[in-house]
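677 is the number that my numbering gives to position 335 of the sequence shown; each next residue is one higher, with no gaps. In this text, a Cβ means the ideal position worked out from N, Cα and C, and glycines have one as well.
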Amino acid sequence: MGDTIKITGIRAILTAPAGCNLVVVRVDTSEPGLYGLGCATFTQRYLAVKTAVEEYLRPLLVGRSVDRIEDIWQTAWVHSYWRNGPVLNNAISGVDMALWDILGKRAGMPVYQLLGGKCREGAAVYRHADGSTPTEVEDNVRRFLAEGYRHIRVQMGGYGGRAGELRKPEGALPGAYYDDAAYARSVPLLFEHIRSTVGWEVELLHDVHERLRPTDAVLLAKRLEPYRPFFLEDPLAPEDIEYFQAIRSQCATPIAMGELFNNPREWMPLISGRLIDFVRMHISQMGGLTPARKVAAYAELYSVRTAWHGPGDVSPVGHACNLHLDVVCPNFGVQEWPGFPEPLQEVFPGCPEVRDGYMYPNECPGFGIDLDEKLAAKYPCSTQVDFWTQTRLPDGTAVKP
Ligand code: MG
Numbered sequence: 343m344g345d346t347i348k349i350t351g352i353r354a355i356l357t358a359p360a361g362c363n364l365v366v367v368r369v370d371t372s373e374p375g376l377y378g379l380g381c382a383t384f385t386q387r388y389l390a391v392k393t394a395v396e397e398y399l400r401p402l403l404v405g406r407s408v409d410r411i412e413d414i415w416q417t418a419w420v421h422s423y424w425r426n427g428p429v430l431n432n433a434i435s436g437v438d439m440a441l442w443d444i445l446g447k448r449a450g451m452p453v454y455q456l457l458g459g460k461c462r463e464g465a466a467v468y469r470h471a472d473g474s475t476p477t478e479v480e481d482n483v484r485r486f487l488a489e490g491y492r493h494i495r496v497q498m499g500g501y502g503g504r505a506g507e508l509r510k511p512e513g514a515l516p517g518a519y520y521d522d523a524a525y526a527r528s529v530p531l532l533f534e535h536i537r538s539t540v541g542w543e544v545e546l547l548h549d550v551h552e553r554l555r556p557t558d559a560v561l562l563a564k565r566l567e568p569y570r571p572f573f574l575e576d577p578l579a580p581e582d583i584e585y586f587q588a589i590r591s592q593c594a595t596p597i598a599m600g601e602l603f604n605n606p607r608e609w610m611p612l613i614s615g616r617l618i619d620f621v622r623m624h625i626s627q628m629g630g631l632t633p634a635r636k637v638a639a640y641a642e643l644y645s646v647r648t649a650w651h652g653p654g655d656v657s658p659v660g661h662a663c664n665l666h667l668d669v670v671c672p673n674f675g676v677q678e679w680p681g682f683p684e685p686l687q688e689v690f691p692g693c694p695e696v697r698d699g700y701m702y703p704n705e706c707p708g709f710g711i712d713l714d715e716k717l718a719a720k721y722p723c724s725t726q727v728d729f730w731t732q733t734r735l736p737d738g739t740a741v742k743p
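Dropping the structure here:
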């Protein structure tokens, strides 16, 4: 009788309760009151995802059995023939997570139970401490330590550092300027300051955000090694992954990579080559829980840990999905978490709770999280043209953000 519940509707809900455009997919079923939610958030191109969900996946999938999660994933993945792009992967993820949510609700179990049960009670999360000076960063590190966090990402002046005094050529175009050389010099000084003032009891992380040229990234990884970072995040762009060999051969700084990845060909060589220590893909960006749990299992065989992408442009539904994987995977490393502001918690009842540095899943069936659509409608998404991704070097060259 398991095959009798069908998909009757699929739609994308757009909302920005915390100022960040979120896309959540709702899958309705032939069983009254039974529906699932999934994260399909691609903040910068959210309308394209909504179109992919409602104009392409809905006609393909309505009428199919909600039981066929794997079959639906495989079918949706290749149905467009061209595949592995961020828009379509996010659309598939929204449906995929929603189907897992439905499965949990039918079983009366949290999704983590369906995945094999807990390896740990909660997932350690890391917080983001920024500041314009090493002392300001130190103050923020101490604040997070006082709140119970043990993993803290230290940045100074945002990704790529502060622009400072720029000597741009005449007529340089507007953009989000930064000085890569000044940034590269500043990071070891920041780590020196934090280690000498706060000490060694805290796990320090840092995100390069692909802001350095490959050889400069190798040098930074070497220079940070004495400060024992927990990991150095995205030191290279996805287009430069061959340079990981150079980092690995020259130092033992742990490396995390992958928030921009879409395609198995991007993460497979890094895992099988033992060139990174943490995979940190954006789970909706790679197509949802179905591919993510396979990658986690694959990484486990190589002693590579997980650190799934968990910024503000992952919906609380996506954070719940991250968390359900975190607690079941023996090779879990750490979970990025930006905090859930009040409006976000109101729109998404059942948000995972964080206490003393650990995030805990609730015991409700599925992902244990809901969406108040009436309230969500009060926070429309922004159509403003993003500025921060219009990144430029001091001489005006447009570069990766
Ligand atoms: Mg990052």
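With distances taken between CB atoms, is the gap from residue i to residue j smaller than 8 Å?
i: Tyr700; j: Gly464; result: yes
i: Trp419; j: Gly629; result: yes
i: Asp481; j: Gly503; result: no
i: Gln497; j: His548; result: yes
i: Gly436; j: Val366; result: yes
i: Val646; j: Val669; result: no
i: Ile536; j: Val560; result: no
i: Ile444; j: Gly708; result: yes
i: Pro580; j: Leu602; result: yes
i: Glu552; j: Ile583; result: no
i: Ala354; j: Ala390; result: no
i: Leu574; j: Ala563; result: yes
i: Ala358; j: Pro596; result: no
i: Ala649; j: Gln627; result: no
i: Pro571; j: Leu531; result: no
i: His470; j: Pro680; result: yes
i: Gly405; j: Ile347; result: no
Tell me the DSSP secondary structure of residue i in three-state form.
i: Thr725; result: coil
i: Cys362; result: coil
i: Tyr501; result: coil
i: Pro743; result: coil
i: Thr393; result: helix
i: Gln455; result: helix
i: Leu532; result: helix
i: Ile444; result: helix
i: Gln416; result: helix
i: Ala382; result: coil
i: Gly708; result: strand
i: Val496; result: strand
i: Tyr398; result: helix
i: Ile352; result: strand
i: Val408; result: coil
i: Tyr388; result: helix
i: Val437; result: helix
i: Gln746; result: An answer regarding residue 746 cannot be provided, because it is not within the stretch 343 to 743 covered by the chain.
i: Arg368; result: strand
i: Asp576; result: coil
i: Met343; result: Note that Met343 has pLDDT 46, beneath the 50 cutoff, so the model's placement of it is unreliable and no number is given.
In angstroms with no decimal places, state the Cα-to-Cα distance between residue i and residue j.
i: Arg565; j: Asp576; result: 16 Å
i: Arg485; j: Lys636; result: 37 Å
i: Ala360; j: Gln726; result: 15 Å
i: Ile625; j: Ala518; result: 27 Å
i: Arg387; j: Asn604; result: 15 Å
i: Ser407; j: Ile494; result: 43 Å
i: Pro743; j: Pro556; result: 15 Å
i: Gly500; j: Ala718; result: 29 Å
i: Gly710; j: Trp730; result: 34 Å
i: Glu695; j: Leu631; result: 20 Å
i: Val550; j: Asp413; result: 38 Å
i: Asn363; j: Leu686; result: 12 Å
i: Ser284; j: Arg425; result: Residue 284 falls outside the range modelled here, since the chain spans only 343 to 743, and no answer is possible.
i: Asp472; j: Val529; result: 12 Å
i: Leu456; j: Met623; result: 22 Å
i: Met343; j: Gln416; result: Confidence is the limiting factor: at Met343 the pLDDT is only 46, short of 50, which leaves the residue's position unreliable, though a coordinate-based value still follows. One C-alpha to the other measures close to 23 Å.
i: Phe384; j: Glu507; result: 34 Å
i: Lys460; j: Phe533; result: 35 Å
i: Val429; j: Leu356; result: 15 Å
Using 8 Å for Cβ pairs, my map puts residue i next to residue j. What's the rounded Cβ distance?
i: Val544; j: Val483; result: 7 Å
i: Tyr585; j: Ser614; result: At roughly 17 Å, the Cβ-Cβ gap does not stay under 8 Å, so Tyr585 and Ser614 are not in contact.
i: Pro292; j: Cys706; result: This structure cannot speak to residue 292, because the chain is shown only from 343 to 743.
i: Cys693; j: Pro653; result: Going by Cβ atoms, the distance from Cys693 to Pro653 rounds to 15 Å, so no, they are not a contact pair.
i: Leu403; j: Ala440; result: Incorrect: roughly 10 Å between the Cβ atoms, too far for contact.
i: Lys510; j: Gly738; result: 6 Å
Of the residues the options, which one's Cα is nearest the Cα of residue i?
i: Pro401; options: Ser422, Cys381, Asp409; result: Ser422
i: Ala411; options: Tyr398, Val369, Pro685; result: What sits at residue 411 in the sequence shown is Ile, not Ala. Of Tyr398, Val369, Pro685, the residue nearest in Cα terms is Val369.
i: Cys606; options: Gln587, Ser724, Ala641; result: Cys is not the amino acid found at residue 606; the sequence shown has Pro there. The residue with the shortest Cα to Cα distance from Pro606 is Ala641.
i: Ala523; options: Pro530, Asp558, Glu512; result: Asp558
i: Ala433; options: Leu399, Phe533, Glu678, Gly405; result: Leu399
i: Phe690; options: Asp714, Asp698, Glu678; result: Asp714
i: Pro703; options: Ala718, Asn363, Tyr377, Leu667; result: Leu667
i: Ala526; options: Ile352, Leu554, Gly513; result: Leu554
i: Ala815; options: Ile352, Tyr377, Thr371; result: Look at the range of the chain in this structure, 343 to 743, and you will see that residue 815 is not part of it.
i: Pro736; options: Ala594, Leu617, Leu515; result: Leu515
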